[in-house]
Each structure stands twice: as structure tokens, then as C-alpha cells.
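Numbering (the numbering used here), first residue to last: 2 to 237. The structure appears right after this line, and notes come after that.
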Amino acid sequence: QSSSASKKCHCQEINFLFIVFDSILLLSLGLGTMGQGIVTSLVKANIPVVALEQNLEYLNKGRKAVMLLLEREAMKMEEGAQTLDFHNPARLQFTVDFDLMRDVDLVIEAVFENMALKKEIFHKLSKICKPGALLCTNTSALNIDEIASATSRPQQVIGTHFFSPAHVMRLLEIIYGRHTSPTAIATAMQLAKALKKVGVVVGNCFGFVGNRMMFPYVQQAVFLLEEGNFGFKIGP
């Protein structure tokens, strides 16, 4: 499990990142929590980023929410004598043009947790993105290998699970699949470092680490509530 991750490899230099929004995410969550938080994290790390949406209506909603987050982050940074340049188009762009993906180095897909939707998007990314582009999926539990099967480059597909809110939480799960290359793993770890997050490399299993531990806790709590007996001599 750890042998591939421990191989010596050279990281790709991250020059340009591409965030993929989706109308379902923005529509169902209102403000597109995950995608907006990821964009905010990238801008704070001074990484040039383009945010993509399906249509102008959802793009404008996403832009408004992202700019509000960045304004709040800028105010916090000013208190520490730091500045945040997020009005520069060279640092942050919003678009509905999928063709702009042709020149990017790294894609972070942040759509709704739906396997069919993610596979459709990754199939499209595989055709549009340049050969060396790294394809990341922000998923909390879905199978990385199944997502990668929709592409012609499974070695460049990797999971990057940001925790909500993405611009605040420091943990970043990096999930490698059966075919994920050591270079892809190292590059994702480089991204975590650039974002000042704690990157944790994990294998491809349901729930990965965070949710795999949380689910049993929640399940047992529900069982206790259902039984109405917590086993304490005094109390429930």
C-alpha cells in the first residue's frame, strides 16, 4: 500500500490550477460551499486559478460568494500586515469556457457526490486537458479507481478530499488509486504544502480515513438513541 508512495519521484511544478464547479453543487448547496472554499484556499496561496461553471447564472452566483469569502480573508490578513491580491484577473478568473482547460497543469473537480456525474466530467477532462495535467477529484467517499476508469490516463487521477469549510480546515486527504503514479501522489502532497494544509496519503477505500472513522461513531450513537439505554447506572 505504501510502496508506490515511497518511490523516489519528481513533482510537477504547479504553475496553473483549474477548479471545476458544477451547477448541481451550486444549486443544491446554495453557495457552493466546497468549490468556493477550495478557490479561496488557492488564491490565499497565490496560485493562479480559473473557476469554471456550466452557465453564466451559476457562475455569477459562485463568483459573488467567492469574492465575499476573499474579502473576509483579506481583512483578517490585513490585521497581520499581509495583503491578498484577488482582484487581479491574472490570479483569479471566472469562466464558462471549457476550452480554457487545455493549458492548465492541474484540475480540481468539486462537484456533487455523484459517481455518474464525476465519471462524465473526468471523461471530458481526459479529452480536453493536456497530457501532463493532473486530474484531482474532491470526494469524501467515492471510489477513485471507478472515477479513473472513465479516463485514458488513470495514472494521473487522484483524490484530494478537502474538509469543510475548505479555506479553514487544514486536513487534506490525498487518495491514490490502483494506477495512480508516484509523481501524482508527490504533486498532490506539494499542493497540500503550498496551501499550508496537512496532507495525509491514504489508500482507496470507502470513507478513506476521516469518514471511515466517523461513520461507526455516528452509527453507534444512533443505536444508543434507538435502544434508549446508554448503559450508565445513573442516567440514560
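Don't be surprised by glycine CBs; every beta carbon is placed ideally from N, CA and C. Bear in mind that the values here come from a model prediction, so they are computed numbers and not experimental data.
Euclidean distance between Cα positions of residue i and residue j
i	j	result
E110	T34	13 Å
F95	L60	7 Å
V40	H124	23 Å
G81	S153	46 Å
K120	F233	48 Å
V112	N139	8 Å
L27	F87	Caution is warranted here: a pLDDT of 26 is assigned to L27, below 50, making its placement in the model unreliable, and the coordinate value is therefore given only provisionally. Spanning the two alpha carbons is a distance of roughly 21 Å.
L196	M190	10 Å
P132	K65	33 Å
N56	V97	6 Å
DSSP three-state assignment for residue i, whether helix, strand or coil
i	result
F164	coil
V169	coil
V158	strand
L143	coil
E121	helix
F224	helix
A151	coil
S29	Any answer about S29 is weak, because its pLDDT of 24 lies below 50 and its placement is not dependable; what the coordinates show is given next. Note: S29 maps to helix in three-state DSSP.
Integer Cβ distance of residue i from residue j, believed to fall under 8 Å
i	j	result
E79	K45	No, E79 and K45 are not in contact; Cβ-Cβ is about 13 Å, not under 8 Å.
D106	A134	6 Å
I175	V158	Not a contact, Cβ separation roughly 12 Å.
P166	G38	5 Å
N205	G178	5 Å
One or two residues paired with residue i in a DSSP bridge
i	result
T84	DSSP, once it has assigned bridges, lists no residue as partnering T84.
C130	Answer is none; C130 lacks a bridge partner.
T138	E110, G160
E174	H162, V201
Chain B within 8 Å of residue i, Cβ atoms only
i	result
H180	Here there is only one protein chain, and chain B is not present.
Residue i beta carbon near the ligand FMN (any heavy atom closer than 7 Å)
i	result
L85	As for the ligand FMN, it is missing from this structure, which has no ligand bound.
At 3 residues or longer, and completely inside the region 177 to 219: list those beta strand (DSSP E) runs for me, N to C. 199 to 203
Taking only runs that begin and end inside the region 35 to 109, name each unbroken alpha helix (DSSP H) of 4 or more residues, in chain order. 57 to 80
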